[in-house]
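Quick note on our numbering: the sequence shown kicks off at 206 and runs consecutively. C-beta atoms are modelled at their ideal positions from N, C-alpha and C, and glycine is treated no differently. For clarity, every value in this text was computed on a predicted model and none was experimentally measured.
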Amino acid sequence: MRICQACLAQLRQIFSLRLLACGVVFALGQVLGAMGAFQFQEPSAMYFLEISLGSGLTYLTFFVVPAIPFSMSLAEDWDEHAVSYWTVRSGPGAYTFSKLFSAAASGFFTVLLGLLLFLVAVSGLTSDYGVNEDCSSVYVYLFMEGKVFLGWTMLFLHYALSGAIIGMFGMFCTIFFHNPFVALAAPLSAFLLLTRLLNGLIADHNSIFWPYTWITAIHLVDSPYRAFGEKLLVTLILCAFMSLAGVFYMKRRIRRA
Numbered sequence: 206m207r208i209c210q211a212c213l214a215q216l217r218q219i220f221s222l223r224l225l226a227c228g229v230v231f232a233l234g235q236v237l238g239a240m241g242a243f244q245f246q247e248p249s250a251m252y253f254l255e256i257s258l259g260s261g262l263t264y265l266t267f268f269v270v271p272a273i274p275f276s277m278s279l280a281e282d283w284d285e286h287a288v289s290y291w292t293v294r295s296g297p298g299a300y301t302f303s304k305l306f307s308a309a310a311s312g313f314f315t316v317l318l319g320l321l322l323f324l325v326a327v328s329g330l331t332s333d334y335g336v337n338e339d340c341s342s343v344y345v346y347l348f349m350e351g352k353v354f355l356g357w358t359m360l361f362l363h364y365a366l367s368g369a370i371i372g373m374f375g376m377f378c379t380i381f382f383h384n385p386f387v388a389l390a391a392p393l394s395a396f397l398l399l400t401r402l403l404n405g406l407i408a409d410h411n412s413i414f415w416p417y418t419w420i421t422a423i424h425l426v427d428s429p430y431r432a433f434g435e436k437l438l439v440t441l442i443l444c445a446f447m448s449l450a451g452v453f454y455m456k457r458r459i460r461r462a
């Protein structure tokens, strides 16, 4: 019951003008990244999205923007000396989990809103919501079967899960380092370091084990349903690990305070 109450208290804070602004910034960044699609005659909305996801602006939109709306709030609570109040009221475990869960939800909705706004923006440039022959995502199979709405839904949810990972990871890092800027810098820094460390160990960069397929890329499989299921599983595993480690460390820190 305490966990539910703590989560509800934190979730009420995520739907704000900050989240809306971040969704707009995300969409704007993806639109700017899609400018290369103009070299293709009559590009589809899917082609615009794939071009934008291949641009360098994804380092901003996927690795930084999802952490802005809420991931800095724990560090802000530390600065305002509000952590002791919330841990007494909810318990250190419930408070920490609610923060992590809400950060994941904030990142999820930031990316989802940004992608929806991106689709609205490119609708003024194309009326084709299907696929071109140059589109390569596994979700193309759904479009080819005529399941356009399902295809867009699963694709957007796939990337929204990336936002959940980044949002929670930014919050997770502030449990150890009480600085709001850590929430923004840590996700990109950690993933760049992780890919460098794994570069010689994982030969297949299109597999689910390659870090970028957890965030900005889609791993290669033979079914869109399998792709989404594996992405969901990876997201749950990463979030579960961060939740357990974060709660354990916070309880230990509060106990020793």
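Can you check whether the CB of residue j is closer than 8 Å to the CB of residue i?
i	j	result
F374	A391	yes
A369	A299	no
L324	A250	yes
V439	S367	no
M277	P416	no
F268	I371	yes
A232	L347	no
A422	S303	no
F396	I420	yes
L398	I273	no
L168	V345	Outside the displayed range of the chain (206 to 462) lies residue 168, so it cannot be described from this structure.
L156	G234	Absent from the model: residue 156. The displayed extent of the chain is 206 to 462, so no value can be given.
My assumption, with CB atoms under 8 Å, is that residue i sits in contact with residue j. Please give the rounded CB distance.
i	j	result
V452	T292	With a Cβ gap of about 11 Å, V452 and T292 do not count as contacting.
G228	S257	Not a contact, Cβ separation roughly 15 Å.
Q218	F275	7 Å
T331	P271	Their Cβ separation, rounded to whole angstroms, is 26 Å, which puts T331 and P271 out of contact at 8 Å.
C436	P297	One detail in the question is off: residue 436 reads as Lys in this sequence, not Cys. 31 Å between Cβ atoms; not a contact.
L224	F314	6 Å
E255	S341	7 Å
- Item | the region 358-371 / the region 431-439 touching (three or more Cβ pairs under 8 Å) | yes
- Task: Pick out the complete alpha helix (DSSP H) segments inside the region 400-460, 4 residues or longer, and give them in chain order.
- Result: none
- Counting pairs of beta carbons, one from the region 299-317 and one from the region 254-262, are three or more of them closer than 8 Å? no
- Message: With a threshold of 8 Å, are at least 3 pairs of Cβ atoms found where one atom belongs to the region 275-293 and the other to the region 399-412?
- Response: no
- Three or more beta-carbon pairs under 8 Å between the region 377-388 and the region 325-334, yes or no? no
- Pick out the complete alpha helix (DSSP H) segments inside the region 222-302, 4 residues or longer, and give them in chain order. 222-238, 250-258, 263-266, 278-284, 288-295
- Message: For a minimum of 4 consecutive residues, which ranges assigned as the alpha helix (DSSP H) are wholly contained in the region 330-397?
- Response: 345-349, 353-381
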